[in-house]
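Colleague:
Residue numbers (my numbering), protein chains in the order written: chain A, 856 to 1303; chain B, 856 to 1303.
Rendered as structure tokens:
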């Protein structure tokens, strides 16, 4: 009898799990269950459709219906998983027509993702508080702009919040970002780097209000304004970018253990506390490579990697997930901003004693026309002298610098090794002394 | 009495040595000797002035005269070092007026570089065979174009040859490249990658003749044509890009040992066989990180690093140079081409058994407008499964991918670790699955 693999969720983690399972077991019966109408699309692309860089929301569908046919994957869209029975090894579902089903599994992969979250704020039940998590969310915001919205308030200055702020400003709206914490991108950047990004956004015309928690949604049925830090702000459009929460209810109700981050606890094979049940993506907890503590970075790169590992294991193979570093990058107007490993603040929270080095340089030889500014901050553990984190912002070539430092962290490179490292150079492409090497020199000077 | 440090050569290696020496010893007497009129300019930038991307040759002067004043460096330009006496510890010089001098040293740094080299070809004594090594060489080529040269023959399809070919074609000349070996960029790329670059150059209108050694220079006083592989090619301009040879005569005459590469032998402190004498840059041999064999990559990045190490040591400090990987990159039209570590062919020559993986991908999310093609070839040692080399070509973000793999090689990352590595992603900046990770997957599939 063919192995029955059931996957709840059909985005980055779920579809990559299904593909890996199929490549591991050619005969398995693989079923994907998703509440959404569209499966296998890129959430990360949503702000760039709103901003107009990508023409259509449907362009984001990375895995079209034909993919599931070719890979012989049974996709159940617009179907909700209502219960997992780990004793009987079944998943109960209900589809949009109300039809219920009990689907048996040999291996189950939970890829239920995360949901946009609004704190318990007075008036939060009112209409018109729009998150940006699903394709439909994106279309709703796009429609509001097309119907003539002129002003927007973004609640939350994380990655999604700022990417959406930029997108809406590029569409001509007057945008205000409201953040409870005293800096933007608090999960990604240290305050010094956040300040520079903030000033750039303000120069582009985005208003940013920091240290202002949203206290109330105003309006009768539909929100027409908010109160934040005592101040009233009216707008046509209200984007909820407070953050996301792992969708763990289904797992918790089935007795699957959650970890200290409140996401589903997993081991290196992405197995949960229950045999033959795996969890991957934004709902799953794994281990941070530097701190060796539980972490839930909720990134697409992590989702596809975990999905692949769980898919191989669920299909009878053997694969390990080696942990997360939280490497992430974004583009805000012409500025690229990236991070890997720990920020100085995160290291402090993890009680790691650090030395940092920051350098401003250029992306091409100084004399080469079109050289753009770039800034690197390196975080080093003082005792071991090992590189444990970096933040980089610049006009180009940020992503792969982040990857280079990510590799260095994963292979426990010391800052001294980094300062001596062999790098490539050509006048149109970089400086003779690579900025990340210069940042390492800055750290060494402090260590002397 | 202040320490007397003499440096023969005043470009990348020499000036960086002088700067490092000054930072190490604030009171040392530091003297730089160069035959050239201009010191401290970027040779790597020359083709881009000829191509018109950089306005003036003088823009390439990275260290202006004021730099030597501020750093209290005694620069003797247009002065030739004629003899090193390691017994008396002196350098004999002659300046452009014919004035001779004997300069005593406590530490000597030899940074004599390399010179363009023309093989013993019939007629090589004729006028008009132009190398591109010095600023004056560049000005000479530029003048020839301004005086109406319509056609050019480039002899040699290495980096300088091709960069100059592109530059001249961009200036409107009809360009033919003649190469003795059966592929372009033989020191940098494997034949499969070289072929793709070649086709791109041919599509842009550059004629490339492979496997054709130059056999004769034709013309009376001035060269008007060449014979290559039996074929006669006439042109207005003849660029000698056969390669460079380390300038070792001065060192050899002083009894300083040369290595098996025929460059000056050095240890990890950049010391030569003679006490208190260092050698750095294009004239110095050092150790390849993968093969642990002598290597002379003759790259600017290596020159500045070696210069820094020798400068610190010569001034009484302690610094080690950790070896070379040959990381290099160039831009030819819109194509960026990079290498680090060993090519498949170089590994074969070093008798290392390899497995390779090649992948074609894009530089942004597939759905993001403007995504450019990128191609990665990974070279892995079969037994250890360690990454030992990579070649990458693409429309953008090649340099830092080379650096990332350079770090991986230096920290002995296995291909399995690379396939699992944490990388950063955003739709406008890269794919979810980083191409270098996918190339690692390709290798793993062959290792199974």
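Every residue, glycine too, gets a C-beta built ideally from N, C-alpha and C. Source: prediction; values computed, not measured.
1) Go ahead and label residue 1002(B) buried or exposed: buried means 16 or more other beta carbons lie within 10 angstroms of its beta carbon, across all protein chains shown.
2) Expressed to the nearest angstrom, what Euclidean distance is found between the alpha-carbon atoms of residue 956(A) and residue 1146(A)?
3) Could one say the Cβ of residue 1093(A) lies closer than 7 Å to chain B's Cβ atoms, at least one of them?
4) Could you list which residues in chain A have their beta carbon closer than 9 Å to that of residue 1168(B), in chain order?
5) Ignore the nearest five residues each way along the sequence and tell me which others in residue 1047(A)'s own chain have a CB closer than 8 Å to its CB.
6) As an exercise, report each continuous beta strand (DSSP E) stretch of at least 3 residues that is fully enclosed by the stretch 1118-1174 of chain A, in chain order.
7) Taking all protein chains shown into account, do 16 or more other C-beta atoms lie within 10 angstroms of the C-beta of residue 1224(A), making it buried, or fewer, making it exposed?
8) Among 965(A), 857(A) and 1285(A), which has the Cα closest to the Cα of residue 871(A)?
9) For the stretch 1128-1147 of chain B, which residues have a CB atom closer than 8 Å to at least one CB atom of chain A, in sequence order?
10) Going along chain B, which residues have a C-beta under 9 Å from residue 1303(A)?
11) Within 7 Å of any Cβ in chain A, is that where the Cβ of residue 877(B) sits?
12) Let me check understanding here. Comparing Cα to Cα, which of 1033(B), 1121(B) and 1137(B) lies closest to residue 1061(B)?
13) Could you give the distance in angstroms between the alpha-carbon of residue 1141(A) and the alpha-carbon of residue 1122(A)?
14) Check whether the Cβ of residue 1275(A) lies closer than 7 Å to any Cβ atom in chain B.
15) Using a C-beta to C-beta distance shorter than 7 Å, which residues of chain A count as neighbours of residue 1256(B)?
16) Is it buried or exposed, residue 1340(B), if we count other Cβ atoms within 10 angstroms and call 16 or more buried?
17) Which residues in the same chain have their Cβ closer than 6 Å to the Cβ of residue 1294(B), if we skip the five residues on either side of it in sequence?
18) What residues of chain A sit near residue 1188(B), judged by a beta carbon separation below 7 Å?
19) Look at the alpha carbon of residue 1036(B) and the alpha carbon of residue 1275(A), and state the distance between them as a whole number of angstroms.
20) When the cut-off is 7 Å and only beta carbons count, does residue 1044(B) lie next to chain A?
21) Please list the partners that residue 1193(A) has in chain E, where partner means a Cβ-to-Cβ separation under 8 Å.
22) Name the chain B residues whose beta carbon is nearer than 8 Å to that of residue 1223(A)?
23) Just to confirm the assignment: which complete beta strand (DSSP E) runs, minimum length 3, are found wholly within the stretch 992-1075 of chain A?
24) State the DSSP-derived secondary structure class of residue 1093(B), mapped to helix, strand or coil.
25) Could you please give me the residues that DSSP links to residue 970(A) through a beta bridge?
26) Leaving out the 5 sequence neighbours to the left and right, which residues in its chain are closer than 6 Å to residue 903(B) when beta-carbon positions are compared?
27) Pull up the distance between the alpha-carbon of residue 1093(A) and that of residue 1000(A), whole angstroms please.
28) Could you please give me the residues that DSSP links to residue 1222(B) through a beta bridge?
29) Going by the CB atoms, is the gap between residue 879(B) and residue 1172(B) shorter than 7 Å?
30) Does DSSP put residue 1297(A) in a helix, in a strand, or in coil?
31) Would you please verify whether the beta carbon of residue 990(B) is less than 7 Å from any beta carbon of chain A?
32) Taking the alpha-carbon positions, what's the residue 863(A) to residue 1102(A) distance?
33) Examine chain B for any beta-carbon lying closer than 7 Å to the beta-carbon of residue 914(A), and answer yes or no.
34) Residue 994(A): which of 1042(A), 1106(A) and 906(A) sits nearest, CA to CA?
35) Taking the beta carbon of residue 1228(A) as the centre, do at least 16 other beta carbons fall within 10 Å, making it buried, or is it exposed?
36) Give the residues of chain B in contact with residue 1265(A), contact being defined as C-beta atoms less than 8 Å apart.
Modeller: Taking the coordinates as given:
1) For this step, residue 1002(B) is matched to residue 147 along the second chain. By the 10 Å Cβ count, residue 1002(B) comes out exposed.
2) Taking the first chain and counting its residues from 1, the one referred to as residue 956(A) is at position 101. Taking the first chain and counting its residues from 1, the one referred to as residue 1146(A) is at position 291. Roughly 43 Å separates the two Cα atoms.
3) Against the first chain, residue 1093(A) aligns to sequence position 238. Not an interface residue.
4) The residue you call residue 1168(B) lines up with position 313 of the second chain. Chain A residues near residue 1168(B): none, gap ~14 Å exceeds 9 Å.
5) Stepping through the first chain from its first residue, residue 1047(A) is reached at position 192. Closer than 8 Å at the Cβ level, and outside the excluded window around residue 1047(A), lie 1213 and 1232.
6) Considered as a whole, the stretch 1118-1174 of chain A harbours 1132-1134 as its complete beta strand (DSSP E) runs of no fewer than 3 residues, in chain order.
7) Mapped onto the first chain, residue 1224(A) falls at position 369. By the neighbour-count rule (16 or more Cβ atoms within 10 Å), residue 1224(A) is not buried but exposed.
8) In the first chain, residue 871(A) corresponds to position 16, counting from 1. With respect to the C-alpha of residue 871(A), the residue from 965(A), 857(A) and 1285(A) having the closest C-alpha is 965(A).
9) 1144
10) On the first chain, position 448 is the one that residue 1303(A) refers to. Chain B residues near residue 1303(A): none, gap ~11 Å exceeds 9 Å.
11) Position 22 of the second chain holds residue 877(B). Cβ-Cβ to chain A under 7 Å: no for residue 877(B).
12) Position 206 of the second chain, counted from the start, is the residue given in the question as residue 1061(B). 1033(B) is the residue among 1033(B), 1121(B) and 1137(B) whose C-alpha sits nearest the C-alpha of residue 1061(B).
13) Within the first chain, residue 1141(A) is the residue found at index 286, counting from 1. Within the first chain, residue 1122(A) is the residue found at index 267, counting from 1. The alpha-carbon atoms of residue 1141(A) and residue 1122(A) are separated by roughly 7 Å.
14) Residue numbering aside, residue 1275(A) sits at position 420 when the first chain is read from its first letter. Taking Cβ atoms only, chain B reaches closer than 7 Å to residue 1275(A), which makes this a yes.
15) By 1-based counting over the second chain, the position of residue 1256(B) is 401. Here the neighbours are 1255.
16) Not covered by the structure: residue 1340(B). The range shown for chain B is 856 to 1303.
17) As a first step, residue 1294(B) is located in the second chain; it is residue number 439 there, counting from the start. So the list reads 1212, 1214, 1231 and 1233, once near-sequence residues are dropped.
18) Here residue 1188(B) is taken as the residue at index 333 of the second chain, counted from 1. Chain A residues near residue 1188(B): none, gap ~11 Å exceeds 7 Å.
19) On the second chain, position 181 is the one that residue 1036(B) refers to. On the first chain, position 420 is the one that residue 1275(A) refers to. Cα to Cα, the separation comes out at about 34 Å.
20) For the purposes of this step, residue 1044(B) is identified with residue 189 of the second chain, where counting begins at 1. Not closer than 7 Å to any Cβ of chain A, the Cβ of residue 1044(B) fails to qualify, so no.
21) Included in the structure are the protein chains A and B, with no chain E among them.
22) Residue 1223(A) sits at position 368 when you count from the first residue of the first chain. Within chain B, 900, 903, 908 and 909 have C-beta atoms less than 8 Å from the C-beta of residue 1223(A), given in sequence order.
23) 1006-1010, 1029-1033, 1062-1064 and 1069-1073
24) Within the second chain, the letter at position 238 stands for residue 1093(B). Residue 1093(B) falls in the strand class under three-state DSSP.
25) Residue mapping note: residue 970(A) aligns to position 115 of the first chain, counting from 1. Beta-bridge pairing links residue 970(A) to 1100(A).
26) In the second chain, residue 903(B) corresponds to position 48, counting from 1. 909, listed in sequence order.
27) In the first chain, residue 1093(A) corresponds to position 238, counting from 1. In the first chain, residue 1000(A) corresponds to position 145, counting from 1. Spanning the two alpha carbons is a distance of roughly 11 Å.
28) Your numbering for residue 1222(B) matches position 367 in the second chain. Beta-bridge pairing links residue 1222(B) to no other residue.
29) Here residue 1172(B) is taken as the residue at index 317 of the second chain, counted from 1. Here residue 879(B) is taken as the residue at index 24 of the second chain, counted from 1. Yes, these two residues count as a Cβ contact at 7 Å.
30) By one-based count along the first chain, residue 1297(A) stands at place 442. Helix, per DSSP.
31) Translated into positions along the second chain, residue 990(B) becomes position 135. With 7 Å as the cut-off, residue 990(B) does not count as an interface residue toward chain A.
32) Taking the first chain and counting its residues from 1, the one referred to as residue 863(A) is at position 8. Taking the first chain and counting its residues from 1, the one referred to as residue 1102(A) is at position 247. Roughly 11 Å separates the two Cα atoms.
33) Here residue 914(A) refers to the residue found at position 59 of the first chain. Residue 914(A) belongs to the set of residues whose beta carbon lies under 7 Å from a beta carbon in chain B.
34) Start at 1 with the first residue of the first chain, and residue 994(A) comes out as number 139. When only C-alpha atoms are compared, the closest one is 906(A).
35) Walking along the first chain from the start, residue 1228(A) turns up at place 373. With fewer than 16 Cβ atoms within 10 Å of its Cβ, residue 1228(A) is classed as exposed.
36) Working through the first chain from its first residue, we reach residue 1265(A) at position 410. The contacting residues are 1268, 1272, 1276 and 1277.
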